[in-house]
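Notes follow once the structure below has been shown.
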Amino acid sequence: MKNNTNKFLLIAVILLLLVNIALVLYMVLDKSKGNDHGRMGGKAAFEKFEKEMGMSATQKAEYDSLRTMHFDAIRPVFDSIRANRRALYKMIWDKELNDSLITVYSAKIAEGQTQADKMTINHFRRTRNLFEGDMLKEYD
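Note that the sequence shown covers residues -16 to 123 in our numbering.
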């Protein structure tokens, strides 16, 4: 009985090793295809959006302009949020940390996130104005 159990465990270990090696190879070889991990990059998403909407050349140019302006405007807001979060989390090692300082940084982060949300909603409103009729229904 002990001999059969040992054989079974040996086979199970060998199979698990083979599966692990195959997964590692898949992950290493898959990285050469791109590093998107299921997410589309900015240009690929834009091209897919263009195709789905059937946008004209003018609409494409206007949309690309709006998109570029939006990301240029929102990038500093996200940078500010990121900097405030870093500063907040650096306080973990501060022995004399008070709640009011945490509240100040949390409020700055919340304010930045609110600003980013408003900017994003306004961007979608401006983008929506590019379309009419069936295209507007498709966009919605």
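Ideal Cβ placement from N, Cα and C applies to all residues, glycine included. Since this is a predicted model, take the numbers as computed values, not measurements.
By the neighbour-count criterion, in which a residue is buried when 16 or more other Cβ atoms sit within 10 angstroms of its Cβ, residue 46 is buried.
Less than 8 Å separates the beta-carbon of residue 64 from that of residue 92. Taking the C-beta atoms as reference points, residue 57 is found no nearer than 8 Å to residue 90.
Note on residue -13: under 16 other CB atoms within 10 angstroms of its CB, so exposed under the neighbour-count rule. Taking one beta carbon from each stretch, the segment 96 to 115 and the segment 75 to 84 have fewer than 3 pairs nearer than 8 Å; the two do not touch. Contact check for residue 10 against residue 53 fails: the beta carbons are separated by 8 Å or more.
Closest in C-alpha terms to residue 104, from the list 86, 73, 49, 70, comes 49. Less than 8 Å divides the Cβ of residue 33 from the Cβ of residue 43. Of the residues 81, -5, 95, the one whose Cα lies closest to the Cα of residue 66 is 95. Runs of the alpha helix (DSSP H) spanning 4 or more residues and lying entirely within the segment 22 to 54 occur at 25 to 36, in chain order. Secondary structure note for residue 84: its alpha helix (DSSP H) is the uninterrupted segment 82 to 111.
Taking C-alpha positions only, residue 108 is separated from residue 68 by approximately 29 Å.
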